[in-house]
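Numbering (the working numbering), first residue to last: 616 to 815. Backbone N, C-alpha and C fix where the C-beta goes; we use that ideal spot for every residue, glycine too. Input: a single structure, listed below in structure tokens.
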């Protein structure tokens with residue numbers, strides 16, 4: 616079974632290399648942007664981003680456009696109020712102040728992951744981006760919202776990747792067609808990809 620799973624994994628990797636990079640090269644050189652974001656050089660044929668928290672890892676891939684993703688395990692943060700004062704806009708702080716308990720915690724992570732996803736799509740340092748950028752505090756529609764930023768138009772949506780986690784996705788341009796895969800390393804000895812739909 617281990618040999619078969621390794622063969623299937625290699626075959627799956629070849630499919631992705633061909634689909635996203637037009638290449639079967641066994642390895643690729645990664646570089647970092649000035650803000651530290653990993654990227655493919657000269658010029659990148661693919662933009663990608665990843666985020667992990669707790670037991671989850673999210674990876675986002677896109678051709679022809681920037682992308683950013685973030686996930687956070689919803690948990691108690693001792694310095695949440697201090698962080699909110701430092702990085703959130705007035706509207707966001709007011710929305711947080713109107714809530715208590717788990718609802719406040721959930722909103723905190725929803726706002727935080729949105730800001731991280733946007734900053735990562737733009738390839739900026741997180742706190743520099745947080746301090747100077749306005750993002751709405753309202754609940755996004757199920758299809759996400761379009762944000763018009765100085766750097767261009769971006770589509771942002773909230774994600775709920777698993778119970779007890781918050782996430783967000785930011786994509787340059789309008790709403791994209793999404794293809795989602797889920798890997799469950801606990802259920803099989805090798806990685807398997809499953810297409811689970813097109814919506815976050």
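When DSSP states are grouped into helix, strand and coil, residue 702 belongs to the helix group. Taking a contact to require three or more Cβ pairs closer than 8 Å, the region 784-794 and the region 673-681 qualify as touching. The DSSP-derived three-state label of residue 695 is helix. For a cut-off of 8 Å, the C-beta gap from residue 770 to residue 751 is around 13 Å, too long to register as a contact.
In the DSSP assignment, residue 675 forms a beta bridge with 664.
Along the region 725-798, the beta strand (DSSP E) occurs as fully enclosed runs of 3 or more residues at 760-764, 767-774, 780-787, listed in sequence order. For residue 666, same chain residues with a beta-carbon under 6 Å away, outside a window of 5 residues either side, are 673, 684, 685, 686 in chain order.
With at least 16 other beta carbons inside 10 angstroms of its own, residue 727 counts as buried. In this structure the region 715-734 touches the region 762-777; the number of beta carbon pairs closer than 8 Å is three or more.
Taking all protein chains shown into account, residue 713 has fewer than 16 neighbouring C-beta atoms within 10 Å of its C-beta and is therefore exposed. In the three-state reduction of the DSSP assignment, residue 680 falls in the coil class, being assigned neither a helical nor a strand state. Short of 6 Å from the beta carbon of residue 704, and not among the five residues preceding or following it, lie these beta carbons of its own chain, in chain order: 749.
Looking at the DSSP output, residue 688 sits in a beta bridge with 780. In the structure shown, residue 708 falls within a helical segment according to DSSP collapsed to helix, strand and coil.
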